[in-house]
Amino acid sequence: GYESGVDAAVNLAKAGKQSTVLASTATWNVQTKDPSFELAPYTADRLREVTAAGFSPRPRLLAPLRVRRVERALGGGYNVVAEWKAAEPQLHPRSLRNAFTN
93 GYESGVDAAV NLAKAGKQST VLASTATWNV QTKDPSFELA PYTADRLREV
143 TAAGFSPRPR LLAPLRVRRV ERALGGGYNV VAEWKAAEPQ LHPRSLRNAF
193 TN
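Written out as structure tokens, the structure is:
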């Protein structure tokens, strides 16, 4: 889950650009029996590299959010309108994933 968004954030960070990932679930901290709910190990390793202390700029990882709409900004670019969701129960409270921090 969320492979393309996280992959884009990793590539932007490695290019020296700031990015923010908005997700309905913090898939970067999930490990389940169903791999469709978590990041692939390769993607998780790449994300861990660019969220490590000392790496700059580190992508911001925000969840749980629900994106309501995307609007064109007056000065160019876009504004994302989102709201925080209620925290979802952990599928596996003892995640085997190393937690990501920003």
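Quick note: the sequence shown, position 79, residue 171 per the working numbering, numbers continuous. We put the beta carbon where it would ideally sit given N, CA and C, even for glycine.
Notebook entry, point to check: In chain order, what residues of the same chain lie with their CB nearer than 7 Å to the CB of Arg158, ignoring the 5 residues before and after it?
Noted result: The residue you call residue 158 lines up with position 66 of the sequence shown. For Arg158, where only same-chain residues beyond five positions count, the Cβ hits under 7 Å are Ser116, Ala174, Glu175, Lys177.
Margin query: Only counting the same chain, and skipping five residues up and downstream in sequence, which positions put a Cβ closer than 8 Å to that of Asp99?
Written below: Position 7 of the sequence shown, counted from the start, is the residue given in the question as residue 99. Closer than 8 Å at Cβ, skipping near neighbours: Thr135, Arg138.
Checklist line | Whole-Å CB distance - Ala105 paired with Ala155, under 8 Å assumed | finding: Position 13 of the sequence shown, counting from 1, holds the residue named residue 105. Position 63 of the sequence shown, counting from 1, holds the residue named residue 155. That pair is no contact at about 18 Å.
Note to self: Can you check which of these residues, Arg152, Val172, Tyr94, is closest to Arg160 by C-alpha distance?
What the structure shows: Sequence index remark: in the sequence shown, residue 160 carries index 68 (1-based). For Arg160, the nearest C-alpha among the options comes from Val172.
Next item on the list: Assign Ser111 to one of two classes, buried (16 or more other C-beta atoms within 10 Å of its C-beta) or exposed (fewer than that).
Entry: To locate residue 111, count along the sequence shown from 1; it is residue 19. Buried, by the Cβ-count rule.
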